[in-house]
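> Have a look at the structure that comes next, please.
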Amino acid sequence: MKLLITGGTGFVGRELSSRLIQEGHEVTILTRSLKSPQKQKAGLSYLEGDPTEKGQWQEAVKDYNGVINLAGASIFSKWSEEYKKTIRDSRVFTTRNIVEAIPQFKDKEFHLFSASAVGYYGFHGDEEFTEESPPGSDFLASVAAEWEAEAKKAQDKGTRVVITRFGIVLGERGGALGQMVPLFKRFIGGPIGSGRQWFSWVHIKDLSEAFIFLIKHHEITGSVNICSPNPVRNRDLAKAIGRVLNRPSFVPAPGFMVKLVLGEFGSVILKGQKVIPKRLLEKGFLFQFPEINSALESILK
Numbered sequence: 027m028k029l030l031i032t033g034g035t036g037f038v039g040r041e042l043s044s045r046l047i048q049e050g051h052e053v054t055i056l057t058r059s060l061k062s063p064q065k066q067k068a069g070l071s072y073l074e075g076d077p078t079e080k081g082q083w084q085e086a087v088k089d090y091n092g093v094i095n096l097a098g099a100s101i102f103s104k105w106s107e108e109y110k111k112t113i114r115d116s117r118v119f120t121t122r123n124i125v126e127a128i129p130q131f132k133d134k135e136f137h138l139f140s141a142s143a144v145g146y147y148g149f150h151g152d153e154e155f156t157e158e159s160p161p162g163s164d165f166l167a168s169v170a171a172e173w174e175a176e177a178k179k180a181q182d183k184g185t186r187v188v189i190t191r192f193g194i195v196l197g198e199r200g201g202a203l204g205q206m207v208p209l210f211k212r213f214i215g216g217p218i219g220s221g222r223q224w225f226s227w228v229h230i231k232d233l234s235e236a237f238i239f240l241i242k243h244h245e246i247t248g249s250v251n252i253c254s255p256n257p258v259r260n261r262d263l264a265k266a267i268g269r270v271l272n273r274p275s276f277v278p279a280p281g282f283m284v285k286l287v288l289g290e291f292g293s294v295i296l297k298g299q300k301v302i303p304k305r306l307l308e309k310g311f312l313f314q315f316p317e318i319n320s321a322l323e324s325i326l327k
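Those letters in the sequence shown? Residues 27 to 327, per my numbering, in order.
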């Protein structure tokens, strides 16, 4: 399959692009600038364009079999009102522009895999969420719902739309672990707040394999949770990281300090969601790293 990827130079995009090429797909990464030399790799090319803006890049969409839409500003930052607008606009405008560029094909099937997040479900303590659960009402949930609504508009053009709701992605060289591990290595790692909040996560290799699986299974459309079938509480995540790194994991980050430093985003990480990948499991997808201990062992050792 010939695929165009937005957000392809990021933490998830790099891993996924490599796996898609390994599987025999042709990958083009949409990038804002081609000024710096790009590494040449068989099966990989680059297209210049800013997906948040309309432009010439939209003309190229018709030449592909599908788009994987991963673009969006990081949420791991202190949120000002201006930055919250950036979080929302980077997702909604990119998706809107992609859908606008998709022609109404008569002679081939077109695929749109559009990222979302388990934050779609909001926060409800120990309640378990599947793809059938309704959206939450907080800022991240409202952004995810609007983001997904833009992607679903492609269905009106006959496009196959798959909404991929990611858990927190764990892997080398970035992501959540890139921020947590240094604290443990300095002997100041531990649970955040009460530590009781649920942490829905996925190993980056399982995320990539889930995309390979979804590409092959054309009958799967709509929302798909891409997260481990075994979410953990934050305190158990801290224990697991400490065990793998052979570091203490009992130094808590008090909730009031987290809120003081990170503001509204701090309130988010003191909560969580217990999300289950029901549709992937029902379709027979097998996770390589379903348990947090084996996942962290593979990444950190």
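Glycine included, each C-beta is placed from N, C-alpha and C at the ideal position.
Confirm, please, whether the CB-CB distance from Lys178 to Val188 is below 8 angstroms.
Taking 8 angstroms as the Cβ cut-off, Val188 and Lys178 do not qualify as a contacting pair.
> Report the rounded CA-to-CA distance for Asp133 versus Lys183, giving the unit in angstroms.
Their Cα atoms are separated by approximately 13 angstroms.
> Report all residues from its chain with a CB closer than 7 angstroms to the CB of Trp173; omit the five preceding and five following residues, and keep chain order.
The residues are Arg117, Val118, Thr121, Ser142.
> Check Tyr109 in the structure and name its three-state DSSP category.
Helix.
> Quick one, are the C-beta atoms of Asn251 and Phe225 less than 8 angstroms apart?
Not closer than 8 angstroms, so no.
> Looking at the structure shown, is Ala279 part of a helix, part of a strand, or coil, going by DSSP?
Strand.
> Can you give the Cα-Cα distance for Arg58 and Phe276, rounded to whole angstroms?
One C-alpha to the other measures close to 43 angstroms.
> In terms of residues, what are the limits of the alpha helix (DSSP H) holding Leu42?
37-48 is the extent of the alpha helix (DSSP H) around Leu42.
> Starting from Asn251 and walking both ways along the beta strand (DSSP E), at which residues does that stretch end?
Note, Asn251: beta strand (DSSP E), 248-252.
> To the nearest angstrom, report how far apart Gly81 and Tyr72 are at their CA atoms.
Answer to the nearest angstrom: the Cα atoms are 15 angstroms apart.
> Using 8 angstroms for Cβ pairs, my map puts Phe139 next to Asn91. What's the rounded Cβ distance?
Not confirmed; about 11 angstroms, so no contact.
> Check whether the segment 298-316 and the segment 264-278 touch, using three or more Cβ-Cβ pairs below 8 angstroms as the test.
At 8 angstroms Cβ cutoff, the stretches do not touch.
> Using the beta-carbon count (16 or more within 10 Å), is Gly248 buried or exposed?
Label assigned to Gly248: exposed.
> Between Ala99, Ile128, Ser168, Tyr109, which has its C-alpha nearest Ala86's C-alpha?
Selected option, being the one with the closest Cα: Ile128.
> Nearest to Ala283 by CA position, among Ile218, Ser320, Ile113, Gly34, is which residue?
Just to set this straight, residue 283 is Met in the shown sequence, not Ala. When only C-alpha atoms are compared, the closest one is Ile218.
> Is DSSP giving Lys28 helix, strand or coil here?
Lys28 falls in the strand class under three-state DSSP.
> Mind checking which residues open and close the alpha helix (DSSP H) that includes Arg269?
Run containing Arg269: 260-271, per the alpha helix (DSSP H) assignment.
> Among the residues of its own chain, which have a CB less than 8 angstroms from the CB of His243, if the five just before and after it don't count?
Taken in chain order, the residues that qualify are Lys309.
> Determine the direct distance from the alpha carbon of Lys110 to that of Ile325, and round the result to whole angstroms.
The straight-line gap from Cα to Cα measures roughly 31 angstroms.
> Can you confirm whether the segment 47-54 touches the segment 100-109 when touching is taken to mean that 3 or more C-beta pairs between the two stretches lie within less than 8 angstroms?
Contact between the segment 100-109 and the segment 47-54 is absent, because fewer than three Cβ pairs lie under 8 angstroms.
> List the DSSP bridge partners of Ile189.
Paired residue(s): Ser140, Ser249.
> Roughly how many angstroms lie between the CA atoms of Gly69 and Leu56, to the nearest whole one?
Spanning the two alpha carbons is a distance of roughly 14 angstroms.
> Quick check on DSSP: helix, strand or coil for Ile55?
Reduced to three states, the DSSP call for Ile55 is strand.
> Nearest to Val125 by alpha carbon, out of Glu235, Glu290, Gln84, Ala279?
Among Glu235, Glu290, Gln84, Ala279, the Cα nearest to that of Val125 is on Gln84.
> Helix, strand or coil: how does DSSP classify Gly92 here?
Strand, per DSSP.
> Could you give the residue range of the beta strand (DSSP E) that holds Val195?
From DSSP, the beta strand (DSSP E) with Val195 extends over 194-196.
> What did DSSP end up calling Phe237 once you bin it into helix, strand or coil?
Residue state, collapsed to three classes: helix.
> Reducing DSSP to helix, strand and coil, say where Leu73 ends up.
DSSP places Leu73 in strand when its eight states are reduced to three.
> Could you name the residues of the same chain whose beta carbon sits closer than 6 angstroms to that of Tyr147, not counting the 5 residues immediately before and after it, in chain order?
So the list reads Phe155, Ser159, Gly162, Gln299, once near-sequence residues are dropped.
> Going by other Cβ atoms of all chains shown within 10 Å of its Cβ, with 16 needed for buried, is Ala175 buried or exposed?
Classification for Ala175: exposed.
> Would a C-beta distance cut-off of 8 angstroms place Val258 and Arg191 closer than the cut-off?
No. Outside cutoff.
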